Amino acid sequence: MVLMGSQWRTFRKILIIIITALIIIASTYRCKNLIMGGLRNQLISNLQDVSEQITLVLKNEIDDRQLFLKTLAVGVANIGPENDDKVIEYLSAYVDAYGTKRIGFIYPDGLIYTTDGFSEVLEEEDYFDAVLAGKQEISDVIMEDLGEREEINVFATPVFSNEEQDVIGMLVAVYRTTEFEEMLAADSFDGQGSSLVIKNDGSLIAAARSKNFSDCANIFDVLEASTETNAKETESLKRALSEGEDGYVTITLKGETYFLHYTPIDVEVASGGWYVLNSVPESVLNTRMQSIERTLEILMIIIIAVLTTAFVIYFFSYFRQRRQLLDLAYNDKLTGGYNYAYFLNRMRVRRVHTGFIISMDIDEFRIINNICGTLVGDELLRNIYKIIRTNLRPNELCARVNADRFIMFMMEDNNDKLVERIEKIRKEILDFEEKLNIPRVYPYFGVYKMNHHDEVEKGYGYANQAKHVVKGNRESYCFYENMAYKERIELKKLDDSFEEAIENRRFEVWYQPKFETKTGTIVSAEALVRWRDSSDNLIPPGKFIPLFEKNGKIQMLDEYVFDEVCRNLCKWKSEDRVMLPVSINISRASLYYPNIAERYRDIVEVYNIDPKYVQLEITESAAVENEKINSLLDKFHEYGFCLLLDDFGNGYSSLATLNEMKYDTLKLDKSLIDCIGERNGEILLYYVIKLAHNLGLHITAEGVETKSQVDFLKTLECDDIQGYYFSKPLHKQDYEYLIS
């Protein structure tokens, strides 16, 4: 069948397209995730850079202020803290220059006097003990008790006596917290980043642009308020801050996710390490990703659109071509109905073959064509098909085989009812003698009753045998089981005389030459067997070949012909004649014969003939039915034989065979050659030859009878031609004369 395996090939192509689409989609999704991960890492890296920059600025500023305060403390010690006026005068010169709100001196008992005129006893602050112990300190954010109430940070350093280096008080510089916030307020992440300065216990020192931590005293108060989402991250952050590490955590506040990066500030503070915290919402990452996502989405849409379009175009084209191939493979262009290939395919699908196979043709149809012309003959064939089709029931089939030959499958309870239907068809066909003014339209029918397991091709062969029995005696039909006794006797005589004919070499090998298409030069020949009886009459191969195929003697005949061809080739070689390859037919029965390849090799060796001159023709149907055919073909090739695929295009043909089986030459059946002149037939022939050439096959056309066929085959670059146009089959002596 031409489209054998098409369902699997279609499924495989669909699967490839789907897998390709999934790979592209998965790759795009993977690409998106990689880009997202890259952007995330870049965001964290940028966050770290911002933290390090702010940390550096703060460290330098704090170091400068602490150094400045230490220097002033030495001056105060030299003046003597008890000299209030002189100390104030000394300190006042530096207030504006260093941007402080005030500078003051605090005695150990809490008494303070400042550059802006305040003098009172302060309540003990957190930083007092550390400073009085001789260490520098910076306060948390505290609310100003002196003067205008505002948030401040106090830098404090001990003042030592000049003699014993005892702490005699502390020098403090008061800075507005807003000054720290201004240092933290550098624009980052399009204004969505925020910065904090905290102690390692989470105490807030300063905050800028922080909507989550600006109003809290300790950031852990805010984080622990959302323990369900931040518990693990909060513990991780506490541990990192206590150990002086840097890094980042991901936290969720008020339903929004933030990246929080922490960097320690290396400053001299007694109360513990300071940290810069920078945070940025995950939405910044999403904003950056949006344009990429849109690009990827557009790319995905384009890819899906292209794949969908390609998918639609491919399948539209595929199904259109499939319909065209089905038309070419199964439609009979002359009648507009079905052909023999379709009939066989439908019968295979049915599986149940119980019914009647009927073979029909018109007696001497060529006379009608010669007298009335091919147009009238074609019109008659079209009407015959219509008559047959209208007389069939829904589960019955019909087709035109070729020329004027038709095949039918009918279902009836008994022979008598079937005869009534056949007679009805016959009478309707006879009516066309007058309608088309055609002389002598006489149909013959051969009938074979099919059983469940009968093969359709064999059934058709039996029906043909029955049809040939009635030809010439004016009977219109014959059932195979009712074939005349005389016919059976004749076949029995042929069967009985087979061994005697082999022994007396009554089987003759005739040769039909093959000619190169372009030059018309003889290039090879096909060996054809003829049987000459005791009366010196030739028995047609159509009578004895089917008989020997049935009774199993065909294998002996095949080997006889093979041996005879090798004998003649050996003779011609010794006579120095031109050596041309001769192809020999191998029947399906011979293909099952044990060690056939070795037997043929031995015969060639006996006659000392190069195997390249002995080519083997195998029909496709015979090859397909043999499960071991490929290994057998390999053996033939191993022994040097050239293999020809015979009768390609005659009913069974499958393009898959050309790929699956290892032939050297493709022989196009006459049924394909007869299509020349019909547009669709010529298209089919063009693609078959083109495909075969692409597969490296040599092409031989059989049954070529007209110049127009030769000219068309030349345009298709067919390699060589066999047929009556150049030469009929020749007796050995005539062939020897041709090649001499």
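Here my numbering is used: position 631 in the sequence shown is 637, and no number is missing along the way. Positions of the beta carbon are idealized from the N, C-alpha and C atoms, including for glycine. Computed from a prediction, not measured in an experiment: that's the story for all the values here.
Beta bridge counterpart(s) of residue i as assigned by DSSP
i, result
"A213", "L202"
"N345", "R406"
"F371", "Paired residues: none, contrary to the question."
"A533", "Y517"
"R411", "N408"
"F111", "Y119, L177"
"V255", "L266"
"E484", "The sequence shown places Cys at residue 484, rather than the Glu named in the question. In the DSSP output, where bridge partners are listed per residue, C484 has G452."
"K673", "T706"
"L649", "L622"
"Y606", "Partner(s): none; Y606 has no beta bridge."
"G383", "The partner list for G383 (beta bridge, DSSP) is empty, contrary to what the question assumes."
"V588", "A531, V620"
Proximity test, residue i beta-carbon vs the ligand FMN heavy atom, cut-off 7 Å
i, result
"L313", "Summarising the ligand content, the structure contains no ligands, and the ligand FMN is consequently not present."
Straight-line Cα distance separating residue j from residue i
i, j, result
"A27", "I20", "11 Å"
"Q715", "H737", "26 Å"
"T527", "T625", "26 Å"
"Y119", "T258", "47 Å"
"I394", "G452", "15 Å"
"E251", "N159", "25 Å"
"L305", "N236", "38 Å"
"L575", "S530", "12 Å"
"M7", "L40", "Residue confidence is low: M7 scores 39 on pLDDT, short of 50, so the model does not pin down where it sits. No coordinate-derived value is stated."
"T301", "T315", "21 Å"
"V137", "D55", "33 Å"
"V447", "N408", "17 Å"
"T184", "A212", "8 Å"
"G467", "S365", "9 Å"
"Y96", "D122", "13 Å"
"N218", "I24", "50 Å"
"T671", "E439", "45 Å"
Local Cβ density within 10 Å of residue i, reported as buried at 16 or more and exposed below that
i, result
"Q561", "buried"
"F415", "buried"
"M149", "exposed"
"E3", "Because the chain is modelled from 7 through 746, residue 3 falls outside the range shown and cannot be assessed."
"Y320", "exposed"
"H267", "buried"
"L229", "buried"
"K92", "exposed"
"E623", "buried"
"F322", "exposed"
"D582", "exposed"
"A103", "exposed"
"G116", "exposed"
"T341", "buried"
"F647", "buried"
"F349", "buried"
"V515", "buried"
Residue i - DSSP class collapsed to helix/strand/coil
i, result
"Q142", "coil"
"Q739", "helix"
"Y448", "coil"
"F74", "helix"
"I615", "coil"
"Q621", "strand"
"D680", "coil"
"E67", "helix"
"L701", "coil"
"P164", "strand"
"M489", "coil"
"F124", "coil"
"D569", "helix"
"M10", "Residue placement at M10 is poorly supported in this model, since its pLDDT is 45, which falls under 50; the coordinates are not used for a value here."
Contact belief for residue i with residue j at Cβ below 8 Å, rounded distance in angstroms
i, j, result
"R406", "L387", "7 Å"
"L64", "V282", "6 Å"
"V571", "V588", "5 Å"
"K668", "N636", "7 Å"
"P270", "V165", "Not quite, the Cβ-Cβ distance comes to about 29 Å (not below 8 Å), so this is no contact."
"S603", "K641", "Going by the sequence as given, residue 603 is Ala instead of Ser. A603 to K641, Cβ: 4 Å. Contact."
"N401", "M417", "6 Å"
"D564", "I609", "Not really, about 11 Å apart at Cβ, beyond 8 Å."
"I298", "I30", "Going by Cβ atoms, the distance from I298 to I30 rounds to 17 Å, so no, they are not a contact pair."
"I390", "F521", "Not a contact, Cβ separation roughly 36 Å."
"L436", "V382", "The pair is not a contact, with the Cβ atoms about 16 Å apart (cut-off 8 Å)."
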